[in-house]
Amino acid sequence: MDIETIVNQLNLKVRSGKDRLNNNVTGGYTGDLLSDVMANSSAGDVWITRQIHQNIVAVATLKEHAAIILVSSCEPAKETLERAAQENMPIMVSDLPAFELTGKIFNLLAAEK
Amino acid sequence: MLESDNNLHKHSFDIEGGNFTNAGTVSTRIKSILKEIGLPDTVVRRSAIVCYEAEINIVSYAKKGVISLTVTPETVEIEAIDEGQGIPNIELAMQPGYSTANQQIREMGFGAGMGLHNINTYADIFDITSEVNKGTHLKMIIKKH
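Chains as they are written, first to last, in our numbering: chain A, 11 to 123; chain B, 42 to 186.
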């Protein structure tokens, strides 16, 4: 499943990486502790978080995530957007809280299998 | 000898304590270098994780530090040497979840007490020495095969 499908299905607002929405999503990880995400997420995941500062781009880039989705209408910081543009990392915003968004994306990915 | 010299890559990067703006850039750079060399994905990813945790530790707890990368024919070696507060009890610091991070660091999602534990998990060989009020020295080795 590509990011664009998830964006359309869940009405996400795309804040960066518009030309990377064809990135393939193979799974997901939800968490706000960067070390936890570093240790336990996988390449190809969408990372669901409410952290908005620029360090999330470094983590997502290092882990080769497909995209970052911010929850509860949290908007990325200006520096985060600048870093995301440099690294070409898609960032989207959802108005749903983490629990609900995670459930919906889990179901979308499960339905595809 | 010539052949092994050709296989050897050495790089060194300065890290500024307290500078969260640039935290992670050295790890990103090192990851690109390892990718350019053409190492297997798993080796690159594990190196990136241990490097990132070491980098964040320097930014969070030290005045300054240096991360150096040496790629030998058999291994990727990453060393992180800092001047800072040091670690009084390494055994305790290695326990998952144990952290001395302040509130500011925690609010950013760092300081979960997983850093050294992650390094120990992802490095094949991990040596750590530390002296209180002097600094900490990490040596992490990832085998290529």
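Just so you know, even glycine gets a beta-carbon here, dropped at the ideal spot from N, CA and C.
Simplified DSSP assignment, three categories, for D55 (chain A):
D55 (chain A): strand per DSSP, three-state reduction.
Touch test, the stretch 69-82 of chain A against the stretch 117-128 of chain B, Cβ-Cβ under 8 Å, three pairs minimum:
No: the two stretches stay apart, fewer than three of their Cβ pairs being nearer than 8 Å.
What are the residues of the stretch 153-172 of chain B that lie near chain A, defined by any Cβ-Cβ distance shorter than 9 Å?
Answer set for the stretch 153-172 of chain B: A153, G154, M155, G156, H158, N159, T162, Y163.
Distance check for E85 (chain A) and R93 (chain A), CA to CA, integer angstroms please.
Their Cα atoms are separated by approximately 14 Å.
Please confirm if T141 (chain B) has its CB atom under 7 Å from at least one CB of chain A.
False, the Cβ-Cβ gap to chain A never drops below 7 Å.
Under 7 Å, Cβ to Cβ, is there at least one residue of chain A near I149 (chain B)?
Per the sequence shown, residue 149 (chain B) should be read as Met rather than Ile. So, interface residue.
At the 7 Å Cβ level, is L80 (chain A) part of the contact set with chain B, yes or no?
So, not an interface residue.
If contacts are defined as beta-carbon pairs under 8 Å, then A142 (chain B) and V91 (chain B) qualify, I think. What distance do you get, rounded to the angstrom?
About 19 Å; that fails the 8 Å criterion.
Scan the stretch 76-152 of chain B and note each continuous beta strand (DSSP E) run of 3 residues or more that stays entirely inside, going in chain order.
For secondary structure counted as the beta strand (DSSP E) over 3 or more consecutive residues, the stretch 76-152 of chain B holds these complete runs in sequence order: 103-112, 116-125.
Using a C-beta cutoff of 7 Å, does A64 (chain B) count as contacting chain A?
Interface residue, yes.
Where does A95 (chain A) land, buried or exposed, given buried means 16+ other C-beta within 10 angstroms?
Exposed is the call here.
Check for me: the alpha helix (DSSP H) holding N37 (chain A) runs from which residue to which?
The residue you asked about is not Asn; residue 37 (chain A) is Gly in the sequence shown. If you look at G37 (chain A), you'll find it isn't in any alpha helix (DSSP H); it sits in the beta strand (DSSP E) that goes 37-40.
For the alpha helix (DSSP H) containing R93 (chain A), name the first residue and the last one.
88-97 is the span of the alpha helix (DSSP H), which, as asked, contains R93 (chain A).
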